[in-house]
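Residue numbers (our numbering): 9 to 490. We treat Cβ as the ideally placed atom computed from N, Cα and C, and that holds for glycine. Everything on this sheet refers to the single structure shown next.
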């Protein structure tokens, strides 16, 4: 028998609003019975989930007649209950968030993102994200979000949605995205504007969800670092809508699994053994001497000074610790951008240690020589690097990265860029454009390092010579290790 688990019980009233229905499973000609969740029914196959979280598809022909009848009748009743609120809820949200099955947790994140018009931001074998920085006219739940993100898990199922409305990063910033961030000083647009915008957004979302799902309850949720926050919570069909209004910081709506909300935001930890294997498998080596880390989640910080929170989110998720740059920004970032990196280090270290079992620490980067970087890169651990993202540095990194795609004679290339780098280094001493990004690789033959910035997929990997990198380095870094 494959049925080896016990399950919890819920009242009938809870089933329609809180979770997938439970059914009794029994094989044909068998005696063992098991309570499982009925996730979906397609023709003559049922998708089921055991108490241990294991999902499996079972042909109805394999089951006892009583179980087949219960599955069909239970599914019909469940679908009737779902239909009562499915269309009204989608209408209230302003988007077809829910397909006909009424459960985004059983869908691929790409399908959910498509209905919300969210473009792909990052996809690895372990996670995915679809992010949209919205324009005027895009509304969700009665208010205008600044950004929306749909996250997927290692099974390519939807994991959660994060919708951020008025917040100190987007609302108070007037900087550009990517390299354009450094073209202005990022002056604040006015704190009063932020407070009134946050109050209006929170009121509109509360009204929208209450009219459809009823009065919320108040719940405390874990945040990043040693912080927690209060949230209003509405439940429907295994989904929890969590609205947070953190004074002076942000208004955010998270849509998460109800059992995740029940746990107050606690997540399952990936074991050290599994993580070590995963990290090592992400290290790629090429014949030309390139060694670099693949499959680091990309986070596009967008038009605000969140390079540090975005980069830390990437590193934390790479190490199996869930993170959100907006929540990280509440720990050590001022309006519009600008991060107290030392304070953020401390908060991240607390989170990775207490919630993820990972070791986070600051490191000195007196030299960026490849032989010094190997200690971390060779086991799949990226280095968070404090540096100065100067225009000449970016022009060189962009040009060098393009040039590498056409190189046939690597020794000649190495000699050429050695000369260029020695000429460029004196031009890269300006004390401005402070930035944090990742060192994700090296090449000992060409004396280059590979860098990744939180500016979108075009900045996943760029190459720069050691002399040029050390010219802009602040000689400090951070790693999240095992």
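{"Item": "Residue 54 to residue 315, Cα distance in whole Å?", "Value": "45 angstroms"}
{"Item": "Could you give the first and the last residue of the continuous beta strand (DSSP E) run that contains residue 177?", "Value": "Note, residue 177: premise wrong, no beta strand (DSSP E); alpha helix (DSSP H) at 176-179."}
{"Item": "Who are residue 341's beta bridge partners in DSSP?", "Value": "347"}
{"Item": "Tell me the residue span of the alpha helix (DSSP H) that contains residue 120.", "Value": "117-124"}
{"Item": "Taking Cβ to Cβ, would you say residue 34 is nearer than 7 angstroms to residue 75?", "Value": "yes"}
{"Item": "Closest by CA to residue 152, which one among 180, 205, 119?", "Value": "205"}
{"Item": "Let me confirm a value: residue 148 is counted as buried when at least 16 other C-beta atoms fall within 10 Å, else exposed. Which label applies?", "Value": "buried"}
{"Item": "Take residue 281 as the anchor and find which of 357, 366, 245 has the nearest alpha-carbon.", "Value": "366"}
{"Item": "Would you report the Cα separation of residue 275 and residue 261, rounded to the nearest angstrom?", "Value": "18 angstroms"}
{"Item": "Could you tell me the distance, in whole angstroms, from the CA atom of residue 136 to the CA atom of residue 37?", "Value": "42 angstroms"}
{"Item": "According to DSSP, is residue 378 helix, strand or coil?", "Value": "helix"}
{"Item": "State the beta-bridge partners of residue 244 as determined by DSSP.", "Value": "247"}
{"Item": "Which parts of the region 382-411 are runs of the beta strand (DSSP E), unbroken and 3 residues or longer, counting only runs that do not cross its ends?", "Value": "391-396"}
{"Item": "Taking DSSP as the reference, what is the three-state secondary structure of residue 329?", "Value": "coil"}
{"Item": "Going by DSSP, what residue range makes up the beta strand (DSSP E) through residue 50?", "Value": "42-50"}
{"Item": "What's the call for residue 434, buried or exposed, on a 16-neighbour Cβ count within 10 Å?", "Value": "exposed"}
{"Item": "Can you tell me where the beta strand (DSSP E) holding residue 261 begins and where it ends?", "Value": "258-265"}
{"Item": "Looking at the unbroken beta strand (DSSP E) that takes in residue 485, where does it start and where does it end?", "Value": "481-489"}
{"Item": "Which runs of the alpha helix (DSSP H) spanning at least 4 residues fall entirely within the region 106-172, listed in chain order?", "Value": "117-124"}
{"Item": "Can you tell me where the beta strand (DSSP E) holding residue 67 begins and where it ends?", "Value": "63-67"}
{"Item": "Per DSSP, what kind of secondary structure is residue 471 in: helix, strand or coil?", "Value": "strand"}
{"Item": "Could you tell me the boundaries of the alpha helix (DSSP H) in which residue 283 lies?", "Value": "280-289"}
{"Item": "Considering only residues of the same chain and omitting the five flanking positions on each side of residue 128, which have a CB-CB separation below 7 angstroms?", "Value": "138"}
{"Item": "For residue 120, which of 133, 132, 98, 377 has the nearest alpha-carbon?", "Value": "98"}
{"Item": "Under the rule that 16 or more other beta-carbon atoms within 10 Å means buried, what is residue 219, buried or exposed?", "Value": "exposed"}
{"Item": "Buried or exposed, going by whether 16 or more other CB atoms sit within 10 Å of the CB of residue 397?", "Value": "buried"}
{"Item": "Just reading off the alpha helix (DSSP H) that residue 84 is part of, what are its end residues?", "Value": "73-101"}
{"Item": "According to DSSP, simplified to helix, strand and coil, what is residue 321?", "Value": "helix"}
{"Item": "My output table needs one value for residue 454: the three-state DSSP class, helix, strand or coil.", "Value": "coil"}
{"Item": "Using DSSP bridges, identify the partner residues of residue 292.", "Value": "300"}
{"Item": "Would residue 273 and residue 213 qualify as a contact pair, given that the criterion is a beta-carbon distance under 7 angstroms?", "Value": "no"}
{"Item": "Going by DSSP, what residue range makes up the alpha helix (DSSP H) through residue 232?", "Value": "Here residue 232 belongs to no alpha helix (DSSP H), and DSSP marks it neither H nor E."}
{"Item": "Check whether the region 378-393 touches the region 283-298, taking contact to mean three or more Cβ pairs, one atom from each stretch, closer than 8 angstroms.", "Value": "yes"}
{"Item": "With contact counted as at least three CB pairs below 8 angstroms, one residue from each stretch, are the region 105-123 and the region 157-176 in contact?", "Value": "yes"}
{"Item": "From the DSSP output, which residues share a beta bridge with residue 30?", "Value": "45"}
{"Item": "Taking residue 132 and residue 297 to be in contact with their CB atoms under 8 angstroms, please state how far apart those CB atoms are, rounded to whole angstroms.", "Value": "Actually they are not in contact, since the Cβ atoms of residue 132 and residue 297 sit about 24 angstroms apart, beyond 8 angstroms."}
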